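If you read the protein sequences in the order shown, they are chains X and L.
If you read the first sequence in the UniProt record's numbering, its first letter stands for residue 1, the second for the next number, and so on.
If you read the second sequence in the UniProt record's numbering, its first letter stands for residue 1, the second for the next number, and so on.
Glycine included, each C-beta is placed from N, C-alpha and C at the ideal position.
Because the structure is a prediction, the values reported are computed rather than measured.
There are 2 protein chains.
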Amino acid sequence: MNLSVNKTEETASDSVEAAKNASNKKEKLADQVMQNPQVLAALQERLDNTALTPSSYIETLPKAVKRRIDALKQLQVKCAHIEAKFYEEVHDLERKYAALYQPLFDKRREFINGEAEPTDAESEWHSENEEEEKLAGDLKNAVVIEEKAEAGETNVKGIPDFWFTIFRNVDMLSELVQEYDEPILKHLQDIKVKFSEPGQPMSFSLEFHFGPNDYFSNSVLTKTYKMKSEPDKTDPFSFEGPEIVDCEGCTIDWKKGKNVTVKTIKKKQKHKGRGTVRTITKQVPNDSFFNFFSPIKVSGDGESLDEDSEFTLAADFEIGHFFRERIVPRAVLYFTGEAIEDDDNFEEDEEGEEEELEGEEEGEEEEDAESDPKKDSSQPAECKQQ
Amino acid sequence: MNLSVNKTEETASDSVEAAKNASNKKEKLADQVMQNPQVLAALQERLDNTALTPSSYIETLPKAVKRRIDALKQLQVKCAHIEAKFYEEVHDLERKYAALYQPLFDKRREFINGEAEPTDAESEWHSENEEEEKLAGDLKNAVVIEEKAEAGETNVKGIPDFWFTIFRNVDMLSELVQEYDEPILKHLQDIKVKFSEPGQPMSFSLEFHFGPNDYFSNSVLTKTYKMKSEPDKTDPFSFEGPEIVDCEGCTIDWKKGKNVTVKTIKKKQKHKGRGTVRTITKQVPNDSFFNFFSPIKVSGDGESLDEDSEFTLAADFEIGHFFRERIVPRAVLYFTGEAIEDDDNFEEDEEGEEEELEGEEEGEEEEDAESDPKKDSSQPAECKQQ
Chain X
1 MNLSVNKTEE
11 TASDSVEAAK
21 NASNKKEKLA
31 DQVMQNPQVL
41 AALQERLDNT
51 ALTPSSYIET
61 LPKAVKRRID
71 ALKQLQVKCA
81 HIEAKFYEEV
91 HDLERKYAAL
101 YQPLFDKRRE
111 FINGEAEPTD
121 AESEWHSENE
131 EEEKLAGDLK
141 NAVVIEEKAE
151 AGETNVKGIP
161 DFWFTIFRNV
171 DMLSELVQEY
181 DEPILKHLQD
191 IKVKFSEPGQ
201 PMSFSLEFHF
211 GPNDYFSNSV
221 LTKTYKMKSE
231 PDKTDPFSFE
241 GPEIVDCEGC
251 TIDWKKGKNV
261 TVKTIKKKQK
271 HKGRGTVRTI
281 TKQVPNDSFF
291 NFFSPIKVSG
301 DGESLDEDSE
311 FTLAADFEIG
321 HFFRERIVPR
331 AVLYFTGEAI
341 EDDDNFEEDE
351 EGEEEELEGE
361 EEGEEEEDAE
371 SDPKKDSSQP
381 AECKQQ
Chain L
1 MNLSVNKTEE
11 TASDSVEAAK
21 NASNKKEKLA
31 DQVMQNPQVL
41 AALQERLDNT
51 ALTPSSYIET
61 LPKAVKRRID
71 ALKQLQVKCA
81 HIEAKFYEEV
91 HDLERKYAAL
101 YQPLFDKRRE
111 FINGEAEPTD
121 AESEWHSENE
131 EEEKLAGDLK
141 NAVVIEEKAE
151 AGETNVKGIP
161 DFWFTIFRNV
171 DMLSELVQEY
181 DEPILKHLQD
191 IKVKFSEPGQ
201 PMSFSLEFHF
211 GPNDYFSNSV
221 LTKTYKMKSE
231 PDKTDPFSFE
241 GPEIVDCEGC
251 TIDWKKGKNV
261 TVKTIKKKQK
271 HKGRGTVRTI
281 TKQVPNDSFF
291 NFFSPIKVSG
301 DGESLDEDSE
311 FTLAADFEIG
321 HFFRERIVPR
331 AVLYFTGEAI
341 EDDDNFEEDE
351 EGEEEELEGE
361 EEGEEEEDAE
371 SDPKKDSSQP
381 AECKQQ
């Protein structure tokens, strides 16, 4: 009987939103009240009654009490600044521990890419499901698919498509990956998280290490996330720890004709005077995971981004955070699927699958998959939970 | 454009549950497969196809690759143990910072209980809504309610009912508070969080400090939560940081006839032989917030609790965590309502309220409140969001 007690599960943005709503509400209320005597009377009744919001309750308090509440708020701001220092120290700890994890991650990289072979001791693993696996093993013998597996055995180097499989298993990533990205991602050999040096502004970088390939000449693609660990001056109470506030990509040195982030389209142009028509080619942006390395710029001049850009940027920050917090530290569990969370309708899915096994619905499902050419049919349906 | 990047938002219990479901599923599958040749054929088709779960995909891999995956899992367990040490150091940091917050919390306690009066500098506060507050001020003059406020002004000590108001504002707590708990909670003067000493098993205590009162003679009621920061041997991958694993209350020295956690009922007993009837009185448990100090015992002998008890205990752990992480560090924001989160139907509530102001529905709402004697009608309806 355990309860997870990780740091707060609420997001700062939630509380900001709530504050805004509350503020709009109050303004509306004040307008109505000042214009309408009936409303005024109704409000008076509400004040006499106790059906008050906490903030309107505060308004009914004597001045001396309000003054003390203001003093408490001032103390609260001081707490927020101490909390900011706490998170900076946590960041230092994370840097310290990154160094402790690194030798294990290096071993991981070697096993994945076939640079080293685990010893018997290193590969010993007692699965909880050993009996089950034995059963599955018997089954395989029965249906003679093992031959195929054995045939390739001697040549296989490391764990093929390790990182690419993770991209397929994790919804948040597979949504970004296009068919033409796949052969490129198969060259991905490692992802590393690097923290900013002590004394530097708080940030972390994701390093995507690629083997030599026909697509670009970079061996590493990087994405850096800048963070902020200080209470906002205009809204200090919304502070909930470090936040990602900006990010920066890198230039990909695409080989000729291999840039998947643009596509070439042909366009007809008519000469205004002469009326002659010519065809020009034009490069336009193309959907691709590799756009991850050319993020939208956070406007620095106080101008706000449009809603679409804000959404895109928020999604990008979420992905960066997810790489850092989940995928890089526990890659093997995203590869095997053990870390893939069940979503709300897990129960339904499960029952659905049992039905399929017993009846003919499975065939239907496959037809669905084939009828959608964009859908990667090699994507296991059940991996899509995260 | 910020994104909160606090520690993982997933709970360990979620992933444990997911793992269990997945395991049950596999067992069922194996049973069906071995008994039914048609199912066997269907499964074979599934294997040839790529509609595989990540784990069944793993099963199709050559032995040498599986061996490397096992090596990665072994490394992953080592990572979990390093992570456990990380969280122990975070706990040390929290202890260090608790000492830095304490002077501010002591000041808070003094202002709340009228032990000290803030200076002008200490109570300076520029509200974002100053204009709005001015409007509200004008309004008050108009409806002459200020007189009432001014009248009490000179006598009011500190911030009356500070902690009690927080109990009313926070759903999770107000649900536990009975009408007869309220006069007791009005004597609550402070809540403190104390961390376990360095080198001791990880735990924290909540101290509820009460002023002298007619109900019990304790000046402090305590609740201690024991924590664990180590990966579970049978399920190391579910580790997500320290978890509350047990808790302990304290004995409340109730004054005669004041114990709200029991009630006396009269019961008629019939003598088996003689047939005479006598009336006995019996003490039975009674709903009360103060049951918080007599939690269910976590069974130590490996016997599992029944479902109800597990639920009660999980709710208790959640409350303990909430006091520690949210209420104690930011009490004033729960008093003013600024920290009260909007729940999903905030929008609906808001619209509902506007209608009430314009029409007659308010009266209806009050009737509802009055028709339920258990409902505390002094409880502001809108405070009930959290």
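Under 7 Å, CB to CB, which of the residues in the region 63-80 of chain L have a partner in chain B? Of the protein chains in the structure, X and L, none is chain B.
### Query
Shortest alpha-carbon distance to ASP106 (chain L) belongs to which of L:TRP125, L:GLU182, L:GLN76 and L:GLN189?
Here residue 106 (chain L) is taken as the residue at index 106 of the second sequence, counted from 1. Checking every option, the nearest Cα to that of ASP106 (chain L) belongs to L:GLN189.
For GLU240 (chain X), count the other beta carbons within 10 Å of its own beta carbon; 16 or more makes it buried, fewer makes it exposed. Which is it? Here residue 240 (chain X) refers to the residue found at position 240 when the first sequence is read from its first residue. Flag for GLU240 (chain X) reads buried.
(message) Using a 10 Å radius around the Cβ and a threshold of 16 neighbouring Cβ atoms, would you call GLY158 (chain X) buried or exposed?
(response) Translated into the one-based positions of the first sequence, residue 158 (chain X) becomes position 158. Around the beta-carbon of GLY158 (chain X), 16 or more other beta-carbon atoms lie within 10 Å, marking it buried.
Open item on the list: So that I know if they touch, is there some Cβ in chain L lying closer than 9 Å to that of SER203 (chain X)?
Closed with: If you number the first sequence from 1, residue 203 (chain X) lands on position 203. SER203 (chain X) has a beta carbon lying at 9 Å or more from every beta carbon in chain L.
Task: Listed by chain order, chain L residues near TRP125 (chain X) by CB distance under 7 Å - done: The residue labelled residue 125 (chain X) in the question sits at position 125 within the first sequence. For a Cβ distance threshold of 7 Å, residue set ASP70, LYS73 and GLN74 of chain L lies close to TRP125 (chain X), ordered along the chain.
| said: If contacts are defined as beta-carbon pairs under 8 Å, then ILE244 (chain X) and GLY320 (chain X) qualify, I think. What distance do you get, rounded to the angstrom? | reply: The residue given as residue 244 (chain X) occupies position 244 in the first sequence. The residue given as residue 320 (chain X) occupies position 320 in the first sequence. The pair is a contact, with the Cβ atoms about 6 Å apart (cut-off 8 Å).
Practice prompt. Taking GLU96 (chain L) as the reference, give the member of X:ALA99, X:ILE82 and X:GLN269 with the closest Cα.
Written response: Here the question's residue 96 (chain L) lines up with position 96 in the second sequence. Per the sequence shown, the amino acid found at residue 96 (chain L) is Lys instead of Glu. It is X:ILE82 whose Cα lies nearest to the Cα of LYS96 (chain L).
Review point. Quick one: which chain X residues come within Cβ less than 7 Å of ASP55 (chain L)?
Key: Position 55 of the second sequence, counting from 1, holds the residue named residue 55 (chain L). Sequence inspection shows Ser at residue 55 (chain L); the Asp mentioned does not correspond to that position. Per Cβ cutoff of 7 Å: THR336 and GLY337.
ALA84 (chain X) and SER229 (chain X) closer than 9 Å at C-beta: Along the first sequence, read from residue 1 onward, the residue named residue 84 (chain X) stands at position 84. Along the first sequence, read from residue 1 onward, the residue named residue 229 (chain X) stands at position 229. Against a cut-off of 9 Å, the Cβ pair of SER229 (chain X) and ALA84 (chain X) comes out as a contact.
Requested in this report: Verify the CB distance criterion: does LEU176 (chain L) have a CB-CB separation below 9 Å to chain X?
Outcome: Working through the second sequence from its first residue, we reach residue 176 (chain L) at position 176. No, LEU176 (chain L) lies away from the interface with chain X (no Cβ there is under 9 Å from its Cβ).
Host beta strand (DSSP E) of LEU188 (chain X) (start-end):
Taking the first residue of the first sequence as 1, we reach residue 188 (chain X) at position 188. Per DSSP, LEU188 (chain X) belongs to the beta strand (DSSP E) from 188-195.
Practice problem: Report the residue ranges of all beta strand (DSSP E) runs contained in full by the region 94-119 of chain X; include only those spanning at least 3 residues, in chain order. | Solution: Counting only runs of 3 or more residues that sit fully inside the region 94-119 of chain X, no beta strand (DSSP E) segment turns up.
*Scan the region 86-102 of chain X for residues whose Cβ lies nearer than 7 Å to a Cβ of chain L and list them as they occur along the chain.*
Residues of the region 86-102 of chain X that bring their beta carbon within less than 7 Å of a beta carbon in chain L comprise PHE86, GLU89, VAL90, LEU93, TYR97, LEU100 and TYR101, in sequence order.
* Asked: Are any of the Cβ atoms in chain X nearer than 9 Å to that of GLY211 (chain L)?
  -> For the purposes of this step, residue 211 (chain L) is taken as residue 211 along the second sequence, with counting starting at 1. So no, GLY211 (chain L) is outside the interface.
Comparing the C-beta of ASP368 (chain L) with each C-beta of chain X, is any distance below 9 Å? In the second sequence, counting from the first residue as 1, residue 368 (chain L) sits at position 368. Any answer about ASP368 (chain L) is weak, because its pLDDT of 35 lies below 50 and its placement is not dependable; what the coordinates show is given next. Not an interface residue.
**Q.** Cβ-based burial, SER203 (chain L) [other Cβ within 10 Å; buried from 16]
**A.** The residue you call residue 203 (chain L) lines up with position 203 of the second sequence. Classification of SER203 (chain L): buried, given that the 10 Å Cβ count is 16 or more.
So, is ILE280 (chain X) buried or exposed, given that buried needs 16 or more other C-beta atoms within 10 angstroms?
In the first sequence, residue 280 (chain X) corresponds to position 280, counting from 1. In the assembly as shown, ILE280 (chain X) is an exposed residue. Its beta-carbon has fewer than 16 other beta-carbons within 10 Å.
Between the C-alpha atoms of HIS187 (chain X) and ASN213 (chain X), what's the straight-line distance to the nearest angstrom?
Locating residue 187 (chain X) in the first sequence gives position 187, where the first residue counts as 1. Locating residue 213 (chain X) in the first sequence gives position 213, where the first residue counts as 1. Computed Cα separation, rounded: 7 Å.
Handout entry: Where VAL277 (chain L) sits in the DSSP three-state scheme
Key = Looking up residue 277 (chain L) in the second sequence gives position 277. Reduced to three states, the DSSP call for VAL277 (chain L) is strand.
Provide the residue span of the beta strand (DSSP E) that contains GLU175 (chain L), from first to last. Here the question's residue 175 (chain L) lines up with position 175 in the second sequence. For GLU175 (chain L), there is no enclosing beta strand (DSSP E), as DSSP marks it with neither H nor E.
Would you mind reading off the limits of the beta strand (DSSP E) that contains HIS209 (chain L)? Here the question's residue 209 (chain L) lines up with position 209 in the second sequence. Annotation for HIS209 (chain L): the continuous beta strand (DSSP E) segment containing it runs 203-210.
For chain L, is any of its Cβ atoms less than 9 Å away from the one on PRO231 (chain X)? Taking the first residue of the first sequence as 1, we reach residue 231 (chain X) at position 231. For PRO231 (chain X), no Cβ of chain L is located within less than 9 Å of the residue's own Cβ.
Contact the region 282-291 of chain L vs the region 245-260 of chain L: 3+ CB pairs below 8 Å
A contact is defined here as three or more CB-CB pairs under 8 Å, and the region 282-291 of chain L meets this definition with respect to the region 245-260 of chain L.
ask   = Within 9 Å (strictly less), CB to CB, does LEU333 (chain X) reach chain L?
value = Position 333 of the first sequence, counted from the start, is the residue given in the question as residue 333 (chain X). At least one CB atom of chain L sits nearer than 9 Å to the CB of LEU333 (chain X).
Nearest to PRO231 (chain X) (by Cα), restricted to the options X:PRO242, X:TYR101, X:TYR225 and X:SER55: For the purposes of this step, residue 231 (chain X) is taken as residue 231 along the first sequence, with counting starting at 1. Check the Cα spacing between PRO231 (chain X) and each of X:PRO242, X:TYR101, X:TYR225 and X:SER55: the tightest is with X:PRO242.
- [ ] Please check the pair SER294 (chain L) and ASP253 (chain L), which I expect to be a contact at CB under 8 Å, by giving their CB distance rounded to whole angstroms.
- [x] Within the second sequence, the letter at position 294 stands for residue 294 (chain L). Within the second sequence, the letter at position 253 stands for residue 253 (chain L). Not a contact, Cβ separation roughly 13 Å.
- Paired residues, beta bridge with GLN283 (chain X) - DSSP: Indexing the first sequence from 1 puts residue 283 (chain X) at position 283. Beta-bridge pairing links GLN283 (chain X) to X:THR264.
- Task: Have a look at GLU310 (chain X) and SER304 (chain X) and give me their C-alpha separation to the nearest angstrom.
- Result: Residue mapping note: residue 310 (chain X) aligns to position 310 of the first sequence, counting from 1. Residue mapping note: residue 304 (chain X) aligns to position 304 of the first sequence, counting from 1. One alpha carbon belongs to GLU310 (chain X), the other to SER304 (chain X), and they sit about 9 Å apart.
Checklist entry - Identify the residues that DSSP records as bridge partners of TRP254 (chain X): which are they? => result Start at 1 with the first residue of the first sequence, and residue 254 (chain X) comes out as number 254. BP columns for TRP254 (chain X) point to X:PHE216.
Within chain X, the residues that PHE293 (chain L) reaches when beta carbons sit closer than 7 Å = Taking the second sequence and counting its residues from 1, the one referred to as residue 293 (chain L) is at position 293. In chain order: nothing, as chain X lies at least about 18 Å away.
Practice item. Give the secondary structure of ILE82 (chain X) by DSSP, where H, G and I count as helix, E and B as strand, and everything else as coil. Key: Stepping through the first sequence from its first residue, residue 82 (chain X) is reached at position 82. It is helical.
Checklist line | Rounded straight-line distance, which links the Cα of LEU75 (chain L) to that of ARG168 (chain L) | finding: Stepping through the second sequence from its first residue, residue 168 (chain L) is reached at position 168. Stepping through the second sequence from its first residue, residue 75 (chain L) is reached at position 75. Straight-line Cα distance between these residues: approximately 49 Å.
First and last residue of the uninterrupted alpha helix (DSSP H) at ASP181 (chain X): The sequence position of residue 181 (chain X) within the first sequence is 181, counting from 1. Unbroken run through ASP181 (chain X): none, as it is neither H nor E.
- Using a Cβ cut-off of 7 Å, pull out every chain L residue sitting near LYS107 (chain X), in sequence order please. As a working note, residue 107 (chain X) is residue 107 in the first sequence. Those within 7 Å of LYS107 (chain X) in chain L are LEU75.
query: Exposed or buried, which one is SER219 (chain X) when buried takes at least 16 other CB atoms within 10 Å?
result: The count along the first sequence starts at 1 and reaches residue 219 (chain X) at position 219. Looking at its Cβ environment, which holds fewer than 16 other Cβ atoms inside 10 Å, SER219 (chain X) is exposed.
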